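Novice:
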Amino acid sequence: MASAIVVEPAPMRILLVTTGLKMGGAEHQVVALARAFLARGNAVAILSLSSGREVDVPADAHVVELDMCKTPAGMARALLQARGLVRSWRPDVIHAHMIHANVFARLLTRVVPCPPVVCTAHSFREGGRLRMLAYRLTDRWSALTTHVSQDGRGGMIASGAVQADRIAVMPNGIDIDRFHPNTALRGATRARLGISAGTRLAVNVGRLVPEKAQDLLLRAFAQIDPATLPVHLLIAGGGPLHQSLADEIAALGLTSRVTLLGPRDDVPALLNAADTFVLSSNIEGLPMVLVEALACGCPVVATDAPGVREVLHDHGAIVPRDDAAALAAALDAALRHGRGLPTEESARRARVAATFSIDAVAQRWLEIYANLTGTAAAPRTEAA
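In our numbering, the protein residues as written are 20 to 403.
#1: So what does DSSP say about ASN291, is it helix, strand or coil?
#2: Leaving aside the five residues before and after PRO77 along the sequence, list all residues of the same chain whose C-beta is less than 8 angstroms from its C-beta, in chain order.
#3: Do three or more CB pairs link the segment 237–244 to the segment 369–389 at distances below 8 angstroms?
#4: Please determine, among ASP294, LEU289, VAL330, PHE296, the residue with the shortest C-alpha to C-alpha distance to MET307.
#5: Taking only the alpha-carbon atoms, compute the straight-line gap between GLY171 and ILE33 and give it to the nearest angstrom.
#6: DSSP state of GLY44, grouped into three classes?
#7: Let me know the secondary structure DSSP gives ASP196 once reduced to three states.
#8: Use the C-beta contact count for ASN121: other C-beta atoms within 10 angstroms, 16 or more gives buried, fewer gives exposed.
#9: Measure the alpha-carbon distance for ALA221 versus ALA352 and round it to whole angstroms.
#10: Answer with buried or exposed for HIS223, where buried requires no fewer than 16 other C-beta atoms within 10 angstroms of its C-beta.
#11: Please tell me whether ASN61 and PRO91 are closer than 8 angstroms, where the distance is taken between their beta carbons.
#12: Is DSSP giving SER67 helix, strand or coil here?
#13: Among the candidates THR164, HIS166, ARG129, MET175, whose CA atom is the shortest distance from the CA of MET151?
#14: Does the beta-carbon of LYS414 have 16 or more other beta-carbons within 10 angstroms, so that it is buried, or is it exposed?
#15: Threshold first: 4 residues or longer. Then list the alpha helix (DSSP H) segments lying entirely within the segment 289–371, N to C.
#16: Pick helix, strand or coil for ALA396, following the three-state DSSP scheme.
#17: In the segment 105–179, which residue ranges form an unbroken alpha helix (DSSP H) of at least 4 residues, counting only runs that do not cross its ends?
#18: Do you know offhand how far ALA124's Cα is from ILE118's?
#19: May I ask which residues mark the beginning and end of the alpha helix (DSSP H) holding ILE268?
#20: Just to confirm before moving on: does the CB-CB distance between ALA115 and THR139 stay below 8 angstroms?
#21: Where do the ends of the alpha helix (DSSP H) carrying ALA29 lie?
#22: Would you check if the distance between the CB atom of ARG72 and the CB atom of LEU35 is smaller than 8 angstroms?
#23: Closest to CYS317 by CA distance: which of LEU354, PRO282, LEU346 is it?
#24: Taking 8 angstroms as the cut-off, decide whether the C-beta atoms of ALA349 and VAL320 are in contact.
#25: Pick out whichever of ASP184, ILE254, LEU127, ARG276 has its Cα sitting closest to the Cα of LEU68.
#26: Can you confirm whether ALA140, when its beta carbon is compared against all beta carbons of chain D, has any partner nearer than 8 angstroms?
#27: From PRO245 to ARG211, what distance separates their C-alpha atoms?
#28: Could you check where the beta strand (DSSP E) with ALA255 kicks off and where it finishes?
#29: Taking the alpha carbon of LEU385 as the reference point, which residue from ALA80, PRO282, ARG59 has its own alpha carbon closest?
#30: If LEU227 and GLY257 are in contact, beta carbons under 8 angstroms, what's the gap, nearest whole angstrom?
#31: For TRP108, I'd like the list of residues in its chain whose CB is within less than 6 angstroms of its CB, leaving aside the five on either flank, ordered along the chain.
#32: Tell me which residues share the same chain as GLY249 and place their Cβ nearer than 8 angstroms to its Cβ, disregarding the 5 neighbours each side in the sequence.
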């Protein structure tokens with residue numbers, strides 16, 4: 020059997036800087052990248068500006084939590100702590116994620132000699148004018164800025180946060196071995212949740228916050244006639260709007276057909292149980308839950324929030340934001356169709372595997388780091 024020589028970047032010491040390690044898409048991406056980098060023989064440290072963990076951090080990652088106070092004195096103390104970490108751990112590259120960590124990492128270059136700094140923005144709306152000004156004033160202290168979506172990149176350019184030639188697009192990735200179609204898991208999860216075989220199930224996963232617009236989803240779902248289509252809606256996630264959404268469910272007479280599940284750690288199971296995944300957001304960066312749904316072979320209905328079209332292309336129904344009637348019509352049609360043929364599930368999953376695999380995304384990041392640092396590439400022999 021012939022062998023091929025694959026050139027990979029040599030092992031590196033990668034410092035990931037994050038605003039926190041609580042539940043959230045960006046936080047999960049930091050941890051996923053850390054895990055993928057470690058699997059390739061790299062050393063990884065994670066610097067969190069806040070304390071407390073809700074995500075499963077790899078045991079081999081060196082983690083430092085600063086518990087930074089949002090005051091000038093708190094910032095100064097945190098920068099001194101981070102300076103000590105840079106001096107002792109000696110990273111080859113620093114990669115920050117989210118607005119606070121991005122600005123912090125750039126300021127860190129002013130107090131200690133740093134390797135190249137990469138800054139990734141995850142939200143379409145990273146903040147108001149002051150945050151965009153902070154981005155613009157500190158831009159020269161980073162080697163590269165990226166956004167997870169084309170829409171987000173355009174928004175940052177339009178706001179004056181960064182010049183067009185100083186920002187690129189790099190999508191997030193998921194573990195496609197964790198998110199995949201599973202018939203046995205589908206049946207077991209529906210049974211555990213009490214969803215009968217004749218009931219069509221819609222699932223929404225996201226924090227219960229205004230930008231996710233689950234109130235719009237409830238108004239849309241209320242328009243689906245249960246007499247012609249037995250349906251149930253599960254909303255997974257926690258957040259400050261839990262009680263107001265519970266009140267709206269009662270007011271709309273949906274108590275028997277809608278369940279607020281709270282925070283969950285079994286999202287792959289929920290996506291397999293679903294007949295349709297529905298996203299009602301007004302604001303997104305790159306909605307990774309859509310990527311996860313497609314990877315599980317689940318049909319998708321979504322509002323046209325930033326980043327949605329980049330994920331779905333022609334693999335889901337997209338409706339205008341803040342239009343309950345349009346969302347109701349699309350969701351009704353999708354639920355009646357169901358998950359479709361195995362070939363349809365396979366096409367959705369193939370869309371994800373080609374673009375959003377965490378292995379592919381991590382490899383691209385390592386190549387970017389190597390280019391920024393001038394790290395020599397290491398050859399690897401692979402059977403052809």
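Note that CB positions come from ideal geometry on N, CA and C, so glycine has one too.
Remember, predicted model here, so these are calculated numbers, not experimental data.
Specialist: Put simply:
#1: ASN291 falls in the helix class under three-state DSSP.
#2: Here the set comprises VAL50, ALA53, ARG54, LEU57, VAL63.
#3: Proximity of the segment 237–244 to the segment 369–389 falls short of the contact definition, fewer than three beta-carbon pairs being nearer than 8 angstroms.
#4: Ranking ASP294, LEU289, VAL330, PHE296 by Cα distance to MET307 puts VAL330 first.
#5: Their backbone Cα atoms lie some 25 angstroms apart in a straight line.
#6: Helix, per DSSP.
#7: In this structure, ASP196 counts as coil in the three-state DSSP scheme.
#8: Burial is judged here by how many other beta carbons sit within 10 angstroms of a residue's own beta carbon; ASN121 has at least 16 and is buried.
#9: Whole-angstrom Cα-Cα distance: 12 angstroms.
#10: Rather than His, the amino acid found at residue 223 in this sequence is Asn. If you draw a 10 Å sphere on the C-beta of ASN223, you find 16 or more other C-beta atoms in it, and that means buried.
#11: Contact: no.
#12: Residue state, collapsed to three classes: strand.
#13: Minimum Cα-Cα distance from MET151 among the listed residues THR164, HIS166, ARG129, MET175 corresponds to MET175.
#14: Since the displayed the chain opens at 20 and closes at 403, residue 414 lies outside it and no answer follows.
#15: Complete alpha helix (DSSP H) runs here, min 4: 307–314, 327–331, 343–356.
#16: Annotation note: pLDDT 46 at ALA396 (below 50); position unreliable, coordinate value reported separately. Strand.
#17: For the segment 105–179, whole alpha helix (DSSP H) runs of length 4 or above, ordered along the chain, are 118–127, 148–157, 169–177.
#18: One Cα belongs to ALA124, the other to ILE118, and the distance between them is close to 10 angstroms.
#19: In this chain, the alpha helix (DSSP H) harbouring ILE268 covers 261–270.
#20: Yes; because the gap between Cβ atoms is below 8 angstroms, this pair is in contact.
#21: In the DSSP assignment, ALA29 falls outside any alpha helix (DSSP H) and carries neither an H nor an E.
#22: In this structure, ARG72 lies away from LEU35, with their beta-carbon atoms at least 8 angstroms apart.
#23: Ranking LEU354, PRO282, LEU346 by Cα distance to CYS317 puts LEU354 first.
#24: Result yes, Cβ atoms of ALA349 and VAL320 sit closer than 8 angstroms.
#25: Among ASP184, ILE254, LEU127, ARG276, the Cα nearest to that of LEU68 belongs to LEU127.
#26: Going by chain labels, chain D is absent from the structure shown, which holds only one protein chain.
#27: Distance between the alpha carbons of PRO245 and ARG211: 22 angstroms.
#28: Membership of ALA255 in the beta strand (DSSP E) is indicated by the continuous run 250–255.
#29: Among ALA80, PRO282, ARG59, the Cα nearest to that of LEU385 belongs to ARG59.
#30: Right, their Cβ atoms sit about 6 angstroms apart.
#31: Spatial neighbours of TRP108 in its own chain (CB-CB distance under 6 angstroms, excluding positions within 5 residues in sequence) are listed in chain order as ALA64.
#32: Residue identity check: residue 249 is Pro in the sequence provided, not Gly. Around PRO249: SER215, GLY217, THR218, ARG219.
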